[in-house]
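Protein chains in written order, with this note's numbering: chain C, 7 to 415; chain W, 5 to 197.
The beta carbon of each residue, even a glycine, is placed where N, CA and C say it ideally should be.
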C-alpha cells in the first residue's frame with residue numbers, strides 16, 4: 007500500500023515533468039473513491055501556491071535589485087549572497103511587527119479587507135494553463151471567470167479605505183477604485199479581441215489556436231499580428247494600472263497620499279496586501295502570456311523539447327521584469343492624466359483594435375499577389391493612423407518648444 | 005447536492021436579511037455584495053457558468069462599487085443610528101406574506117412547474133452568442149442603446165459641473181490677500197546688499 011503510494015507519486019511527478027496527459031490517475035487510484043476529488047484538488051492547488059509564493063519572494067528581491075541598478079545604486083546586498091535572503095528577512099520583520107488597528111476603525115471590515123483582497127486573487131490562478139496538460143480547471147468561460155474575480159478585488163480596496171477612518175485612506179481608496187474601474191475596460195476589450203479571433207472563452211482553447219509556424223520560423227502567436235501587437239500593448243498598460251504599479255501607482259505613492267488605502271495597515275496585514283498585489287501582477291502577466299504570447303508554446307520548432315511549463319514561466323518572468331523596468335524608468339502619472347488616458351485614449355484604441363482584428367479575420371481568404379503584406383499594412387494602418395491622429399488631438403494643441411533652463415544665480 | 009444548495013441558500017438569505025437590517029450603511033452595502041455572490045454561487049450550482057461569472061463581474065464588480073461610491077459621496081461619515089424596525093411592521097409583514105402567497109400560487113399552478121427539466125445544453129457560451137446574434141438581436145441592440153444613453157447622460161451631467169465659468173486669472177491676482185502675498189514675496193526676493 008505504501009509502495010503503491012510512492013510509486014504513484016513518482017509516476018505523477020515524472021508525467022508532469024514530461025508533459026504527458028492525465029498525470030494524476032495512478033496516484034489517485036491509491037485513495038478511496040470518496041476522497042479522490044479532494045486529493046485531486048489539493049494536488050492541483052499546492053504546486054500553484056508553492057511556486058507563486060516563491061516567485062513572490064524572488065520578485066521582491068529582483069525588484070529591489072533591479073530598481074537599485076537602474077537608479078545607479080546597489081540594492082540589498084547584506085543578507086546572504088547578493089542579498090538573496092532579503093525576502094526572508096522581510097518576511098520575519100512583517101511577522102514580528104505589532105498589529106496596530108486605529109481605535110475608531112471599523113474592526114470587522116478592517117480585518118476582512120486583506121482577506122477579501124487575497125482570496126479572489128488566488129482564485130484567478132485556477133484557469134491559467136501552465137503547461138500542455140497542466141490547467142487546474144478548464145472552464146468553458148475561463149477568461150470571464152478571471153475577470154470576474156479580478157473585479158471582486160476592488161471591493162476590498164474600498165473596505166480597506168473606508169474602515170480605516172482616515173482622510174488619506176478614503177481619498178486613496180476612491181482614487182484607486184476609479185483607476186481600476188477605468189482601466190478594466192481597455193483590459194477586457196483587448197482580450198475580447200483575442201476571444202473574437204479564437205472563437206472561445208476557454209484559455210486552453212486560445213492557446214491551442216496559437217499553434218503552427220508561419221514561414222516555418224515565426225510562431226503563430228497572436229502578438230505577431232498587427233491587432234495582437236496593439237492589443238498586447240494595451241493589455242500591458244491596463245494591467246499595470248490594474249495592479250496599481252508605477253507609473254499608475256498614485257493610490258500607493260508615499261509622496262502623495264502616505265500609502266493610500268493601506269495607510270492604517272501594519273505588520274502582517276500589510277504583508278498580505280503586498281502579497282496579494284504581487285500575486286495579482288503574476289496572474290495578469292500569466293494571462294497576457296496565455297492570450298498573446300502563446301502560453302506554453304515554444305518559440306521555434308527546434309526548441310520544442312523544452313517542457314511547456316518552462317516556457318510559460320519564462321514568459322511570465324520576462325513580463326514581470328518588464329514591469330520592474332517600467333517602474334524604474336517612467337515617472338508617475340497624476341490622477342487626472344491617468345483617467346484621461348484611460349477614457350480618451352485607451353478605450354477608443356481598444357475599440358479600433360477590435361475593428362482591425364475583424365478586418366484581419368475577414369481578409370484571411372485573400373490570395374492574390376501581395377496579399378500577406380497587404381493584409382498586414384491594412385490592419386496596421388487601421389491602428390496606427392488613428393493612434394497618431396488621436397494622440398495629436400488629445401495634446402490640446404500645445405506646441406513643443408525648445409526647452410529653456412533657468413540657473414541659480 | 006442538497007447540502008450545497010442548503011448552505012448557499014442560507015448564506016444568501018442571511019446576507020440579504022443583514023443587508024436590510026444592519027445599522028451601519030456601509031455594512032449593509034457589503035452584505036448586499038455578499039448576497040450577490042451567493043446568487044452567483046446558486047447559478048453556478050445549476051451549471052450556468054456564463055451567467056454565474058457574469059453575475060460576479062457585473063454585480064459584485066460594478067453594481068456594488070456603484071452602491072458604495074454613492075454612500076461615500078453622499079453620506080459623509082457616520083449616520084445617526086436609526087431604529088431598525090419601522091413603526092408599521094404589522095402591515096408590512098401582512099403585505100409581504102400576501103405577495104409571497106400570490107407569487108407562490110401563481111408559480112406552482114403555471115405550466116413551468118409541471119414541465120420536465122430541459123436537456124443540458126452543449127457549450128453554453130457559443131450557444132448564448134448565437135442566440136444573441138440571431139433570435140435576440142433586438143433586445144441586444146436595445147440594451148446597447150440604453151447603455152449609450154446612460155453614458156452620454158453621465159458625461160453631460162459631469163460636463164455641466166466643469167463648464168461653469170473658471171475663475172479669471174486677472175481677478176484672482178487682484179484680490180487683496182493675493183496682492184499682499186505677492187508684495188511679501190517680492191520683498192523676500194530682493195537681494196540684500
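Test item: CB-CB of residue i and residue j under 9 Å
i	j	result
residue 266 of chain C	residue 253 of chain C	no
residue 136 of chain C	residue 318 of chain C	yes
residue 65 of chain C	residue 391 of chain C	no
residue 148 of chain C	residue 207 of chain C	yes
residue 72 of chain W	residue 30 of chain W	yes
residue 152 of chain C	residue 128 of chain C	no
residue 385 of chain C	residue 225 of chain C	no
residue 27 of chain C	residue 17 of chain C	no
residue 170 of chain C	residue 269 of chain C	yes
residue 245 of chain C	residue 278 of chain C	no
residue 46 of chain W	residue 102 of chain W	no
residue 176 of chain C	residue 281 of chain C	no
residue 76 of chain C	residue 331 of chain C	yes
residue 135 of chain W	residue 146 of chain C	no
residue 237 of chain C	residue 199 of chain C	yes
residue 195 of chain C	residue 359 of chain C	yes
residue 213 of chain C	residue 300 of chain C	yes
residue 205 of chain C	residue 211 of chain C	yes
residue 240 of chain C	residue 355 of chain C	yes
For residue i, the three-state DSSP class (helix, strand or coil)
i	result
residue 232 of chain C	helix
residue 77 of chain C	coil
residue 220 of chain C	strand
residue 93 of chain C	helix
residue 225 of chain C	strand
residue 279 of chain C	helix
residue 311 of chain C	coil
residue 213 of chain C	helix
residue 113 of chain C	helix
residue 122 of chain C	helix
residue 350 of chain C	helix
residue 13 of chain C	helix
residue 63 of chain C	helix
residue 130 of chain C	helix
residue 90 of chain W	coil
residue 26 of chain W	coil
residue 255 of chain C	coil
residue 50 of chain W	coil
residue 291 of chain C	helix
Cβ of residue i within 9 Å of any chain C Cβ
i	result
residue 28 of chain W	yes
residue 53 of chain W	yes
residue 1 of chain W	Past the boundaries of the shown model lies residue 1 of chain W; chain W is included only from 5 to 197, so the question cannot be answered.
residue 147 of chain W	no
residue 129 of chain W	yes
residue 57 of chain W	yes
residue 17 of chain W	no
residue 46 of chain W	no
residue 198 of chain W	Outside the displayed range of chain W (5 to 197) lies residue 198 of chain W, so it cannot be described from this structure.
residue 162 of chain W	no
residue 34 of chain W	yes
residue 37 of chain W	yes
Closer than 7 Å at the beta carbon, the chain D residues around residue i
i	result
residue 42 of chain W	Reference to chain D is not applicable here, since the protein chains of this structure are C and W.
Within-9 Å CB hit, residue i to chain W
i	result
residue 341 of chain C	no
residue 25 of chain C	no
residue 33 of chain C	no
residue 256 of chain C	no
residue 123 of chain C	no
residue 114 of chain C	yes
residue 160 of chain C	yes
residue 6 of chain C	Any question about residue 6 of chain C goes unanswered here, given that chain C covers just 7 to 415.
residue 156 of chain C	yes
residue 205 of chain C	yes
residue 106 of chain C	no
residue 164 of chain C	yes
Heavy atom of the ligand SAH within 8 Å of residue i beta-carbon
i	result
residue 267 of chain C	Only the bare structure without any ligand can be found here, which leaves the ligand SAH out of the picture.
Notebook entry, point to check: Quick one, which residues of the stretch 59 to 72 of chain W are near chain C if we go by CB-CB under 9 Å, in chain order?
Noted result: 59, 60, 61, 62, 64, 65, 66, 68, 69 and 72
Next item on the list: Check distances from the C-beta atoms of the stretch 170 to 184 of chain C to those of chain W and list, in chain order, the residues that come in under 8 Å.
Entry: 176, 180 and 183
Check: Which residues, taken in chain order from the stretch 346 to 358 of chain C, show a beta carbon closer than 8 Å to some beta carbon of chain W?
Finding: none
Notebook entry, point to check: What alpha helix (DSSP H) runs, 4 residues minimum, are completely inside the stretch 173 to 215 of chain C?
Noted result: 173 to 204 and 209 to 214
Margin query: Closer than 8 Å between beta carbons: that is the criterion. Which residues of the stretch 399 to 415 of chain C meet it against chain W?
Written below: none
Next item on the list: Return the chain-ordered ranges of every alpha helix (DSSP H) run that is complete within the stretch 100 to 164 of chain W and spans a minimum of 4 residues.
Entry: 128 to 138
Notebook entry, point to check: According to a CB-to-CB cut-off of less than 8 Å, which residues of the stretch 128 to 149 of chain C neighbour chain W?
Noted result: 145, 146 and 147
Item checked: Sequence ranges, beta strand (DSSP E) only - wholly within the stretch 365 to 406 of chain C, length at least 3 -> none
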